[in-house]
Amino acid sequence: MTLIGKPGCHLCDDAEAVIERVCGELGASWEKKDITQDAELHREYWEQIPVILVDGAQHDFWRVDPARLRKALGG
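Here this note's numbering is used: the first residue of the sequence shown is 17, the next is one more, and so on.
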């Protein structure tokens with residue numbers, strides 16, 4: 017699972033908290049990518065951050081629903 021965001025984004029911080037909790041409960045790994053460090057990610061997602069990818073496919077953006085994320089991760 018991947019969280020795409022940027023520093024100083026309160027929605028990104030909120031999404032990260034949900035992801036940490038859900039992934040912690042399920043033992044799932046995740047990574048965070050910063051659009052300010054990757055021109056391609058910036059071009060693709062700058063209007064939607066935070067963006068959550070599950071298995072490389074866009075799962076959600078802006079707000080993360082914990083139940084929906086848990087289900088997508090097989091929990």
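Every residue gets a Cβ at the ideal spot worked out from N, C-alpha and C, and that includes glycine. Only a predicted model underlies this, so the values are computations on that prediction, with no experimental measurement involved.
Self-check item: Endpoints, the beta strand (DSSP E) within which leucine 69 is located
Solution: Position 53 of the sequence shown holds residue 69. Looking at the DSSP string, the run of the beta strand (DSSP E) that includes leucine 69 is 67-70.
Quiz item: From Gln64, Arg79 and Leu85, pick the residue whose C-alpha is nearest to that of valine 70; which is it?
Solution: As a working mapping, residue 70 is identified with position 54 in the sequence shown. The residue with the shortest Cα to Cα distance from valine 70 is Leu85.
Quiz item: Can you name the residues that DSSP bridges to aspartate 76?
Solution: Along the sequence shown, one-based indexing puts residue 76 at 60. Among the bridge pairs identified by DSSP, aspartate 76 is matched with Ile68.
Exercise. Can you grab the Cα-Cα spacing for the pair arginine 37 / cysteine 28, in whole Å?
Key: Reading the sequence shown from its first residue, position 21 is the one you call residue 37. Reading the sequence shown from its first residue, position 12 is the one you call residue 28. Here the C-alpha atom of arginine 37 lies approximately 14 Å from the C-alpha atom of cysteine 28.
Quiz item: With isoleucine 65 and cysteine 39 assumed to form a contact (beta carbons below 8 Å), what rounded beta-carbon distance in angstroms separates them?
Solution: Position 49 of the sequence shown, counting from 1, holds the residue named residue 65. Position 23 of the sequence shown, counting from 1, holds the residue named residue 39. That pair is no contact at about 19 Å.
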